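Written out below as structure tokens is the structure these notes cover.
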Amino acid sequence: RKEVEQDPGPFNVPEGATVAFNCTYSNSASQSFFWYRQDCRKEPKLLMSVYSSGNEDGRFTAQLNRASQYISLLIRDSKLSDSATYLCVVISNTGNQFYFGTGTSLTVIP
Amino acid sequence: GAGVSQSPRYKVAKRGQDVALRCDPISGHVSLFWYQQALGQGPEFLTYFQNEAQLDKSGLPSDRFFAERPEGSVSTLKIQRTQQEDSAVYLCASSPLWGTNTEAFFGQGTRLTVV
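Line order of the protein sequences matches chains A and B. Quick note: the first sequence uses our numbering, first residue 67, plus one each step. Quick note: the second sequence uses our numbering, first residue 46, plus one each step.
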């Protein structure tokens with residue numbers, strides 16, 4: 067079983083739509099969680115950290131559900147510039163490994 | 046430099062050839078990671094260094110893969126006798142210190158094509 071499971075999509079949504087991605091992880095002892103964004107042929111870049119209390123950054127909201135072992139990312143009022151692949155990342159309890167999901171492809175359509 | 050630098054950006058190797066991929070992490074970053082990213086997939090962990098110590102190499106797919114970071118800064122990933130299935134983007138990432146809740150910064154990767 068993979069450490070992190072993520073629906074690859076693709077998600078094709080119109081501008082202004084709200085879209086949500088989920089990601090599940092297998093190790094209940096995992097300690098840290100992130101969402102990264104990766105544009106085509108570019109390196110992954112940190113989008114936001116994910117905390118148990120949930121956190122919001124503008125149109126983006128990230129949440130962690132430890133009981134069900136999943137993290138989510140909500141994007142409101144989608145923009146064309148949001149088109150990218152979104153990767154969930156789970157850091158092992160030892161801190162040695164950043165485990166990536168396969169990524170969810172999002173295309174925002176005019 | 047300002048970010049993680051990888052070289053070469055692109056490498057075409059004939060099957061059976063040895064290759065060496067270089068990573069210059071952000072100055073002062075203790076942790077260094079190597080990932081392999083196949084087309085349409087997320088990055089897959091290869092190995093992890095804390096300074097010069099290779100603490101985890103569980104992700105290296107075979108004994109043809111070897112990584113080193115002898116002085117705790119620059120790292121090299123070497124692939125011997127390359128095979129077509131080695132074709133991928135190899136990403137290097139560094140982070141300021143070992144532990145949790147630390148962001149990893151990625152280089153732009155080396156795209157390896159084995160023909």
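C-beta: ideal position from N, C-alpha, C; glycine also. Values in this document were obtained by computation on a predicted structure and should not be read as measured data.
Alpha-carbon spacing of residue i relative to residue j, whole angstroms
i	j	result
A:Met-114	A:Gln-97	15 angstroms
B:Ser-132	A:Gln-163	23 angstroms
A:Lys-111	B:Gly-61	33 angstroms
A:Gly-167	B:Pro-115	30 angstroms
B:Cys-137	A:Asp-143	33 angstroms
B:Leu-105	A:Ala-133	32 angstroms
B:Asp-69	A:Leu-140	34 angstroms
B:Gln-95	B:Ala-65	20 angstroms
B:Gln-129	B:His-74	33 angstroms
A:Gly-82	B:Ala-83	32 angstroms
B:Ala-112	B:Thr-127	15 angstroms
A:Cys-89	A:Ser-147	22 angstroms
Interface residues of chain A facing residue i [CB-CB closer than 9 angstroms]
i	result
B:Gly-152	Glu-109
Partner residues on chain A for residue i, Cβ-Cβ distance less than 7 angstroms
i	result
B:Leu-136	Glu-109
B:Glu-97	Near B:Glu-97 there are no residues of chain A at all, since even the closest Cβ is about 15 angstroms away, more than 7 angstroms.
B:Ala-149	Phe-164
Distance between beta carbons of residue j and residue i, contact taken as under 8 angstroms
i	j	result
B:Arg-156	B:Thr-121	So it is not a contact: roughly 17 angstroms between Cβ atoms.
B:Gly-117	B:Val-49	Their Cβ separation, rounded to whole angstroms, is 15 angstroms, which puts B:Gly-117 and B:Val-49 out of contact at 8 angstroms.
A:Tyr-152	A:Trp-101	6 angstroms
Query raised in the report: Of the residues that make up the region 151-169 of chain A, which ones have a beta carbon closer than 7 angstroms to any beta carbon in chain B?
Result: Leu-153, Ile-157, Gly-161, Asn-162, Gln-163, Phe-164, Tyr-165, Phe-166, Gly-167, Thr-168, Gly-169
Requested in this report: Starting from the N-terminal side, write out each stretch of the beta strand (DSSP E) that is 3 residues or longer and does not extend beyond the region 123-153 of chain B.
Outcome: 133-140
Query raised in the report: When Cβ atoms are compared, which residues of the region 103-122 of chain A fall closer than 9 angstroms to chain B?
Result: Gln-104, Arg-107, Lys-108, Glu-109, Pro-110, Lys-111, Leu-112, Ser-115
Query raised in the report: What are the residues of the region 67-93 of chain B that lie near chain A, defined by any Cβ-Cβ distance shorter than 7 angstroms?
Result: Phe-78, Gln-86, Gly-87, Pro-88, Phe-90, Tyr-93
Report task. For the region 111-137 of chain B, enumerate the residues whose C-beta is nearer than 8 angstroms to any C-beta of chain A, in chain order. Result -> Leu-136
**Report entry** Completely contained beta strand (DSSP E) runs for the region 82-147 of chain A, where each covers 3 or more residues
**Finding:** 85-91, 98-104, 111-116, 121-123, 126-131, 136-141
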